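*Asks:* One structure is given below, represented as structure tokens, and several questions about it will come after.
In mature numbering (1 follows the signal peptide of the UniProt record, and there is no 0), the protein residues as written are -19 to -1, 1 to 633.
What follows is the structure in structure tokens.
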């Protein structure tokens, strides 16, 4: 192990903050999609998660083999061992900061003779039989502890999603398997200690195959040893979604083609007086088993569903105001026209633009319309009680996403399944095709961690783009969007040729040749997108810095003009109030409690630098990411004009 570096110091500070894993999942029926098959998505909105993805190979298992179940883990590294492919082998884990050892098992279940290959991130994503899964954590009425942690439950939802991809060929099979395993062995949420146990106790998965789309809900039962679950099929001509709150209401278990549930779904509710079977009120899964949010935060979930539905069908007469459980919202809606993968990417990048809740407008977004609203945290004289009385809007796209995707299935050929995948926030990332039939996912998507900046990691490059673009968002986002469109349009236009070539490789050289081809193509798409994002960041930091916009790079003399604040914002902050001072500024005595931590970190940085363990490049990266300095790449840009001339002219 090496001595602590700047990155480690910052990681330690970040670890002290409360992590939240609150995701959005969108699901589209086959007839509501231009692909002719269902689509699902997942924005993994987690500030501390291991953002890598990996290919888990298909395997044949000996008779009597056991499948080891490990304790749920989402931070880097989420798993260390040999059961899930080369990406997780001990020798491939970055031990510069900590000597991680093999992930301990908390139990096991009988293995099946053969398991399927699949791609996974924090949760299972898609398998070689085109079962795809999205995820969204939901508050629930019951919570449980896992085995080895004082409880009796064996499975969390991430392990259930992996088992579903390993063992099933259809969405319906996946739903039934996950539900049965959870009932038999017990289910627990991702938090089992502290104040957040109810907020993270439930889960929703969106599960698709080439024909059907299902929404699956699960929570622990009242004993902590089993589970309660339900699932509803999304009508073929509709779109649905989950935004950190259950959305299944009435269950018609007399129609198993559209509804499935655990045998105890009614019994537990009756036992706790949550529902009376002989009453006049129909059984409502969400009203019975969801944990209500505080009134000030009720729109954290429901507003995203309203936005999703009205993006899909702008003429929909749906109010953004609803009750705690969106009881008057439908389970799904018909889109105005069939939705393409690019439409769904656009939905995932949304900040309520053009609505009364537009996060790029008004004083909350600052003078340049920054849509980021950082996670709340007590500081100075701001208490947790204070925070409970206020809220910001929560958009589908959020700065703390570790990755997002859109799944694409082929009803005629399972070889052609892939995901449009992007790391970091959807509004700052570029989606790139990653095929399921690969030996390994692209290197840019399978490397890196939150412990250290890595210029060869897709996550970190898009984090640079997102963080820099947010400083002057209204000015910079058109350039970001242009690169996204260029790269995604290029890949989209190449796909049909790639699929034809893959089929030819299979005819000529068999499955192995096809897999090698898809591996190479996935890598090439990712490399192209990565290079474009590197160039984009270089351009942004050169063209927008220190309150200036620089242009005319190919003229004899640069044009530099101030991006001064808009008049409405100047009025808001009292710019025109002559003679008044900044009386609202906090006094030194009421400064943030983080001041001491920052001072300690600075002292440590200086100490480590003197010890010689921090390179100049690392220190420079720190300066960029912390926002301490403005410009470090501007002059470098001019030395690269020749090599980047074509790309920069496209942006300028």
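Where a beta carbon is used, it is the ideal one built from N, C-alpha and C, also for glycine.
Computed from a prediction, not measured in an experiment: that's the story for all the values here.
So is residue 577 buried or exposed if we call it buried at 16+ other beta carbons inside 10 Å?
*Replies:* Here the model assigns residue 577 a pLDDT of 47, short of 50, so the residue's position is not dependable, and the following value carries that caveat. Exposed: under 16 other Cβ atoms inside 10 Å.
*Asks:* How would you write the range of the alpha helix (DSSP H) that residue 475 sits in, first residue to last?
*Replies:* Unbroken alpha helix (DSSP H) run through residue 475: 454 to 524.
*Asks:* With 16 other CB atoms within 10 Å as the buried threshold, where does residue 393 fall?
*Replies:* Exposed, by the Cβ-count rule.
*Asks:* Can you give me the Cβ contacts of residue 579 inside the same chain, cut-off strictly under 6 Å, excluding the 5 residues immediately before and after it?
*Replies:* Residue placement at residue 579 is poorly supported in this model, since its pLDDT is 44, which falls under 50; the coordinates are not used for a value here.
*Asks:* Take residue 142 as the anchor and find which of 131, 159 and 153 has the nearest alpha-carbon.
*Replies:* The residue with the shortest Cα to Cα distance from residue 142 is 159.
*Asks:* To the nearest angstrom, report how far apart residue 463 and residue 176 are at their CA atoms.
*Replies:* If I take the Cα positions, the gap works out to 43 Å.
*Asks:* Kindly indicate which three-state DSSP category residue 427 falls into: helix, strand or coil?
*Replies:* Helix at residue 427.
*Asks:* Determine contact between the segment 464 to 482 and the segment 523 to 536, defined as no fewer than three beta-carbon pairs at a distance below 8 Å.
*Replies:* Verdict: no, contact absent.
*Asks:* Which residues in the same chain have their Cβ closer than 6 Å to the Cβ of residue 343, if we skip the five residues on either side of it in sequence?
*Replies:* None.
*Asks:* How about the segment 366 to 373 and the segment 67 to 78: do they share at least three Cβ pairs that are nearer than 8 Å?
*Replies:* Touching, no.
*Asks:* To the nearest angstrom, how far is the alpha carbon of residue 594 from that of residue 432?
*Replies:* The predicted model places residue 594 with a pLDDT of 38, which falls under 50 and marks its position as unreliable; any figure quoted below should be read in that light. About 15 Å.
*Asks:* Excluding five sequence neighbours on each side, which residues of the same chain lie with their C-beta closer than 6 Å to the C-beta of residue 230?
*Replies:* Excluding residues within five positions, the ones whose Cβ falls inside 6 Å are 265 and 267.
*Asks:* Apply the 10 Å Cβ neighbour rule to residue 23 and answer buried if 16 or more other Cβ atoms are within range, or exposed otherwise.
*Replies:* Buried: at least 16 other Cβ atoms inside 10 Å.
*Asks:* Give a yes or no on whether the C-beta atoms belonging to residue 18 and residue 390 are separated by under 8 Å.
*Replies:* Result yes, Cβ atoms of residue 18 and residue 390 sit closer than 8 Å.
*Asks:* Relative to the C-alpha of residue 541, which residue among 548, 547 and 533 is closest?
*Replies:* It is 533.
*Asks:* Can you tell me the Cβ-Cβ gap for residue 103 and residue 27, rounded? I've got them flagged as a contact below 8 Å.
*Replies:* About 7 Å; that satisfies the 8 Å criterion.
*Asks:* Where does residue 201 land, buried or exposed, given buried means 16+ other C-beta within 10 angstroms?
*Replies:* Buried, since its Cβ has 16 or more Cβ neighbours within 10 Å.
*Asks:* Let's test the definition: count the other Cβ atoms within 10 Å of the Cβ of residue 96 and tell me whether it reaches 16, buried, or not, exposed.
*Replies:* It is buried - the Cβ of residue 96 has at least 16 other Cβ atoms within 10 Å.
*Asks:* Measuring CA to CA, which of 84, 395 and 232 is closest to residue 63?
*Replies:* Cα-wise, what sits closest to residue 63 is 84.
*Asks:* Contact between the segment 252 to 266 and the segment 224 to 244: three or more CB pairs below 8 Å?
*Replies:* Taking 8 Å as the limit for Cβ pairs, the verdict is that the segment 224 to 244 does touch the segment 252 to 266.
*Asks:* Specify, as a first and last residue, the run of the beta strand (DSSP E) that residue 186 falls within.
*Replies:* Element bounds for residue 186: 183 to 189.
*Asks:* Taking the alpha-carbon of residue 194 as reference, which of 240, 209 and 173 has the nearest alpha-carbon?
*Replies:* Comparing Cα-Cα distances from residue 194 to each of 240, 209 and 173, the minimum goes to 240.
*Asks:* Using three-state DSSP, classify residue 36 as helix, strand or coil.
*Replies:* Correct three-state label for residue 36: strand.
*Asks:* For residue 110 and residue 9, I'd like the C-alpha separation in whole angstroms.
*Replies:* Cα to Cα, residue 110 sits roughly 18 Å from residue 9.
*Asks:* Which stretch, first to last residue, makes up the alpha helix (DSSP H) that contains residue 399?
*Replies:* Segment 399 to 404 is the beta strand (DSSP E) holding residue 399; no alpha helix (DSSP H) there.
*Asks:* Locate the alpha helix (DSSP H) running through residue 325, then write down its first and last residues.
*Replies:* Unbroken alpha helix (DSSP H) run through residue 325: 322 to 329.
*Asks:* Can you grab the Cα-Cα spacing for the pair residue 132 / residue 411, in whole Å?
*Replies:* The alpha-carbon atoms of residue 132 and residue 411 are separated by roughly 42 Å.
*Asks:* Determine the direct distance from the alpha carbon of residue 73 to that of residue 31, and round the result to whole angstroms.
*Replies:* Straight-line Cα distance between these residues: approximately 14 Å.
*Asks:* I'd like the span of the alpha helix (DSSP H) that includes residue 368, first residue to last.
*Replies:* That run of the alpha helix (DSSP H) goes 365 to 368.
*Asks:* Can you tell which of 338, 255, 254 and 407 has its C-alpha closest to the C-alpha of residue 447?
*Replies:* Nearest C-alpha to residue 447: 407.
*Asks:* Using a 10 Å radius around the Cβ and a threshold of 16 neighbouring Cβ atoms, would you call residue 190 buried or exposed?
*Replies:* Classification of residue 190: buried, given that the 10 Å Cβ count is 16 or more.
*Asks:* In chain order, what residues of the same chain have a beta carbon less than 6 Å from the beta carbon of residue 513, not counting five sequence neighbours either side?
*Replies:* Around residue 513: 464 and 468.
*Asks:* For residue 517, I'd like the list of residues in its chain whose CB is within less than 8 Å of its CB, leaving aside the five on either flank, ordered along the chain.
*Replies:* The answer, listed in chain order, is 446, 460, 461, 464 and 632.
*Asks:* Using three-state DSSP, classify residue 442 as helix, strand or coil.
*Replies:* DSSP places residue 442 in helix when its eight states are reduced to three.
*Asks:* Residue 330 and residue 282 - do their beta-carbons sit closer together than 8 Å?
*Replies:* Contact flag unset, no.
*Asks:* DSSP three-state label for residue 414, please.
*Replies:* Here residue 414 sits in strand by DSSP.
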